[in-house]
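Below: the structure, in structure tokens.
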Amino acid sequence: MKLWKGRFSKEATSSSDEFNASIPFDQRMYREDITGSIAHAKMLGKQGIISPEESELIINTLKDILEDINAGKIEFKIAHEDIHMGIETILTERIGQTGKKLHTARSRNDQVAVDFRLFLRKETAEVEDKLTELLETLKKLAEEHQRTVMPGYTHLQRAQPVTLAYHFLAYYQMFSRDRERFTDCQKRTNRLPLGSGALAGTTYNTDRRFLAKELGFDSVLPNAMDAVADRDFAIEFLSCCSICIMHLTRFCEELINWSSVEFGFVEIDDAYSTGSSIMPQKKNPDMAELIRGKSGRVYGDLMALLTLCKGLPLAYNKDLQEDKEPVFDAVDTLKNSLGIFTEMISTMKVKKEKMASAAKYGYMNATDAADYLVGKGIPFRDCHEIIGKMVLYCINRGKALEDLSIDEFKSFSDAFDEDIYDAINIVNCIKAKKSEGSTSFESVRQQLLKLDLE
Ligand code: ARG
Numbered sequence: 032m033k034l035w036k037g038r039f040s041k042e043a044t045s046s047s048d049e050f051n052a053s054i055p056f057d058q059r060m061y062r063e064d065i066t067g068s069i070a071h072a073k074m075l076g077k078q079g080i081i082s083p084e085e086s087e088l089i090i091n092t093l094k095d096i097l098e099d100i101n102a103g104k105i106e107f108k109i110a111h112e113d114i115h116m117g118i119e120t121i122l123t124e125r126i127g128q129t130g131k132k133l134h135t136a137r138s139r140n141d142q143v144a145v146d147f148r149l150f151l152r153k154e155t156a157e158v159e160d161k162l163t164e165l166l167e168t169l170k171k172l173a174e175e176h177q178r179t180v181m182p183g184y185t186h187l188q189r190a191q192p193v194t195l196a197y198h199f200l201a202y203y204q205m206f207s208r209d210r211e212r213f214t215d216c217q218k219r220t221n222r223l224p225l226g227s228g229a230l231a232g233t234t235y236n237t238d239r240r241f242l243a244k245e246l247g248f249d250s251v252l253p254n255a256m257d258a259v260a261d262r263d264f265a266i267e268f269l270s271c272c273s274i275c276i277m278h279l280t281r282f283c284e285e286l287i288n289w290s291s292v293e294f295g296f297v298e299i300d301d302a303y304s305t306g307s308s309i310m311p312q313k314k315n316p317d318m319a320e321l322i323r324g325k326s327g328r329v330y331g332d333l334m335a336l337l338t339l340c341k342g343l344p345l346a347y348n349k350d351l352q353e354d355k356e357p358v359f360d361a362v363d364t365l366k367n368s369l370g371i372f373t374e375m376i377s378t379m380k381v382k383k384e385k386m387a388s389a390a391k392y393g394y395m396n397a398t399d400a401a402d403y404l405v406g407k408g409i410p411f412r413d414c415h416e417i418i419g420k421m422v423l424y425c426i427n428r429g430k431a432l433e434d435l436s437i438d439e440f441k442s443f444s445d446a447f448d449e450d451i452y453d454a455i456n457i458v459n460c461i462k463a464k465k466s467e468g469s470t471s472f473e474s475v476r477q478q479l480l481k482l483d484l485e
């Protein structure tokens with residue numbers, strides 16, 4: 032009994048226990064914890080640090096515990112403090128003294144680091160799968176909409192005509208880079224911290240390379256102090272999540288706009304919309320808005336972890352226990368957002384006619400009219416001015432450029448001929464793009480073909 036215990040109430044002690052415990056959330060890593068411990072027990076046995084029989088008994092019991100947790104037969108308690116001590120306590124309850132040997136040549140500091148890296152490796156693969164599904168959906172949609180003409184925007188003002196396929200492929204590129212980023216981040220995550228001990232290594236004849244092989248890590252982290260102290264891999268993962276959800280929010284924002292009466296370009300399926308409790312006519316794009324909103328928490332998770340690690344002295348500090356919840360939250364949010372987003376875009380109805388008619392207005396062929404004059408030998412800057420004046424003339428008369436008579440055209444420049452009408456036809460404007468990566472039908476076809484090679 033503690034000498035000073037008399038003046039402390041029991042409640043104070045249990046609230047401190049509760050404050051200190053991570054088991055309410057880190058139990059999510061029980062599989063990783065057991066996987067790491069099985070590899071560790073195997074290594075201890077192989078190296079003669081514990082006997083082969085002890086190693087086998089520990090491994091088999093850990094496997095039983097895993098099955099029991101999977102079957103919901105084990106309840107973790109605050110008294111376990113964290114998942115590492117929780118599993119070890121249950122192991123020792125089952126096999127007594129032998130269970131107590133598992134923690135030889137190991138600290139919870141390298142244990143938690145290995146659990147976290149294993150967890151992120153699994154989650155990264157799941158995020159990559161979700162991104163692959165999204166990319167496949169985008170590709171399919173792009174294939175379908177190669178001839179769907181729509182306005183392309185800058186400053187949310189109609190700019191130049193493009194195809195919907197081209198717009199979809201722009202997002203394809205962004206999400207494909209997101210997937211690349213996760214894959215790249217994984218290279219740095221998939222390095223082994225186990226065997227580092229608390230911070231200085233251990234006095235046992237361990238085999239960390241064996242551990243790396245057993246656990247599927249690409250290499251062994253070369254400095255034990257770094258291995259237990261840094262969480263840069265998790266910060267990098269959260270950066271990847273943040274960039275990816277940022278891309279999602281841009282697409283969501285467009286779908287929110289596009290599904291308004293003002294645009295009327297798409298109709299989001301009823302299954303991904305909600306109604307209003309007061310206005311019977313409403314059909315709201317809530318899923319898209321929620322994804323846009325949820326980006327805030329993912330950015331927050333990244334900020335939380337960056338701030339957590341800022342100025343932390345080496346090596347392990349208990350602050351680091353706070354690293355898990357932001358990562359859990361971000362990965363759940365991102366996976367759910369990607370899943371619902373993919374379903375939403377694969378079921379939405381595209382209103383091609385609305386897009387095509389919007390593409391007709393807004394002088395989006397003005398650049399092409401200027402290019403036409405360039406073709407007749409006039410310097411681009413002069414052409415820009417001539418067409419600018421023509422647009423103003425048209426605006427004052429409520430006309431489109433193609434509504435002007437040939438005489439009206441000629442009154443602005445002698446260089447205009449009958450072929451101007453073809454040159455500024457919206458579909459021809461798209462076709463005429465020649466640069467690599469443009470919106471022309473041919474370029475989009477090439478872009479799609481290239482995706483098949485990836
Ligand atoms: N629950 C702890 C965490 O998540 C495990 C490591 C504890 N290590 C220690 N030295 N107290 O960080």
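Sequential numbering from 32 applies to the sequence shown in the numbering used here.
Cβ atoms here follow ideal geometry from the backbone N, Cα and C, with glycine treated the same way.
Item to complete: Name, in chain order, the residues that DSSP records as bridge partners for Gln177.
Response: According to DSSP, which records beta bridges pairwise, Gln177 is partnered with nothing at all.
Practice prompt. For Leu34, collect the residues of the same chain with a Cβ closer than 6 Å to its Cβ; drop the 5 residues on either side in sequence, then sort them by chain order.
Written response: Bear in mind that a pLDDT of 29 at Leu34, under 50, signals an unreliable position, so the number given afterwards is only what the model happens to contain. For Leu34, where only same-chain residues beyond five positions count, there are no Cβ hits under 6 Å.
Worksheet entry | Expected contact under 8 Å - CB spacing of Ser86 and Leu93 to nearest Å | Not quite, the Cβ-Cβ distance comes to about 11 Å (not below 8 Å), so this is no contact.
Worksheet item: Considering Ala454, what are the terminal residues of the beta strand (DSSP E) in which it resides?
Response: Where Ala454 is concerned, there is no enclosing beta strand (DSSP E), although the alpha helix (DSSP H) it sits in stretches over Ile451 to Ala454.
Practice prompt. Find out if the Cβ-Cβ distance for the pair Ser227, Ile276 is shorter than 8 Å.
Written response: no
Worksheet entry | 6 Å Cβ shell around Lys314 - same chain, five flanking residues per side excluded | Ser304
Worksheet item: The alpha helix (DSSP H) with Thr194 in it runs from where to where?
Response: It is not in any alpha helix (DSSP H) - Thr194 instead sits in the beta strand (DSSP E) that spans Gln188 to Thr194.
Practice prompt. Give me the Cα-Cα distance between Val297 and Met181, rounded to the nearest whole angstrom.
Written response: 12 Å
Worksheet entry | Glu99 burial status per 10 Å Cβ neighbour count (16 or more: buried) | It should be pointed out that residue 99 corresponds to Asp in this sequence rather than to Glu. In summary, Asp99 is exposed, with fewer than 16 beta-carbon neighbours lying within 10 Å of its beta-carbon over all protein chains present.
Practice prompt. List the endpoints of the continuous alpha helix (DSSP H) containing His71.
Written response: First-last of the alpha helix (DSSP H) with His71: Tyr61 to Lys77.
Worksheet entry | Length at least 4, wholly inside the segment 93–172: the alpha helix (DSSP H) runs in chain order | Counting only runs of 4 or more, we get 114–126.
Worksheet item: With a CB to CB cut of under 7 Å and the five nearest residues on each side skipped, what residues in its chain are close to Gly393?
Response: Pro182 and Arg189
Worksheet item: With 16 as the cutoff for other CB atoms within 10 Å, does Asp24 come out buried or exposed?
Response: This structure cannot settle anything about residue 24, because the visible part of the chain is limited to 32 through 485.
Worksheet entry | Three-state secondary structure assigned by DSSP to Gly183 | strand
Discussion item. Using a Cβ-Cβ cutoff of less than 6 Å, which residues in the same chain neighbour Thr233 once the five nearest sequence positions on both sides are dropped?
Written reply: Ala136
Practice prompt. Mind checking who Ser466 pairs with in its DSSP beta bridge?
Written response: DSSP, once it has assigned bridges, lists no residue as partnering Ser466.
Worksheet item: Would Lys355 be called buried (16 or more neighbouring beta carbons within 10 Å of its own) or exposed?
Response: Around the Cβ of Lys355, a 10 Å sphere holds 16 or more other Cβ atoms; the residue is buried.
Discussion item. What would DSSP say about Arg222, mapped onto helix, strand or coil?
Written reply: strand
Worksheet entry | Length of the line joining the Cα atoms of Ile65 and Cys271 | 28 Å
Practice prompt. Throw me the rounded Cβ distance for the Ala72 and Leu242 pair, which I believe falls under 8 Å.
Written response: Contact between Ala72 and Leu242 does not hold, since the beta-carbon distance rounds to 11 Å and is not under 8 Å.
Worksheet item: When the Cα atoms are used, what is the spatial distance from Ile81 to Leu336?
Response: 38 Å
Worksheet item: Near Ser207, what residues of its chain come up, given a Cβ to Cβ distance below 7 Å and the 5 sequence neighbours on each side ignored?
Response: These residues qualify, in order along the chain: Leu166.
Worksheet item: Hey, Glu159 and Phe248: beta-carbon distance below 8 Å or not?
Response: no
Discussion item. Please classify Thr470 as buried or exposed, where buried requires at least 16 neighbouring CB atoms within 10 angstroms.
Written reply: buried
Worksheet item: What are the boundary residues of the alpha helix (DSSP H) that includes Arg428?
Response: Counting along the chain, the alpha helix (DSSP H) containing Arg428 begins and ends at Phe411 to Arg428.
Discussion item. Less than 8 Å between the beta carbons of Gly358 and Ala265, yes or no?
Written reply: Note that residue 358 corresponds to Val in the displayed sequence, not to Gly. Yes, the pair counts as a contact, with Cβ atoms nearer than the cut-off.
Worksheet entry | Cβ-based neighbour list, Tyr203, same chain, cut-off 8 Å, excluding 5 preceding and 5 following | Leu166, Leu169, Lys170, Ala173 and Leu482
Worksheet item: Does any heavy atom of the ligand ARG sit closer than 7 Å to the C-beta of Ser53?
Response: yes
Practice prompt. Determine the extent of the alpha helix (DSSP H) in which Val358 is found, giving its start and end residues.
Written response: Lys355 to Thr378
Practice prompt. Assign Met386 to buried or exposed, taking buried as 16 or more other Cβ atoms, counted over all protein chains shown, within 10 Å of its Cβ.
Written response: buried
Worksheet item: Buried or exposed: where does Asp360 fall if 16 or more other Cβ atoms within 10 Å of its Cβ makes it buried?
Response: buried
Worksheet item: Under a three-way DSSP split, which group does Phe39 fall into?
Response: The predicted position of Phe39 is uncertain, since its pLDDT is 45 and thus under 50; no value can be drawn from it.
Worksheet item: Is any heavy atom of the ligand ARG found at a distance shorter than 7 Å from the C-beta of Asn140?
Response: yes
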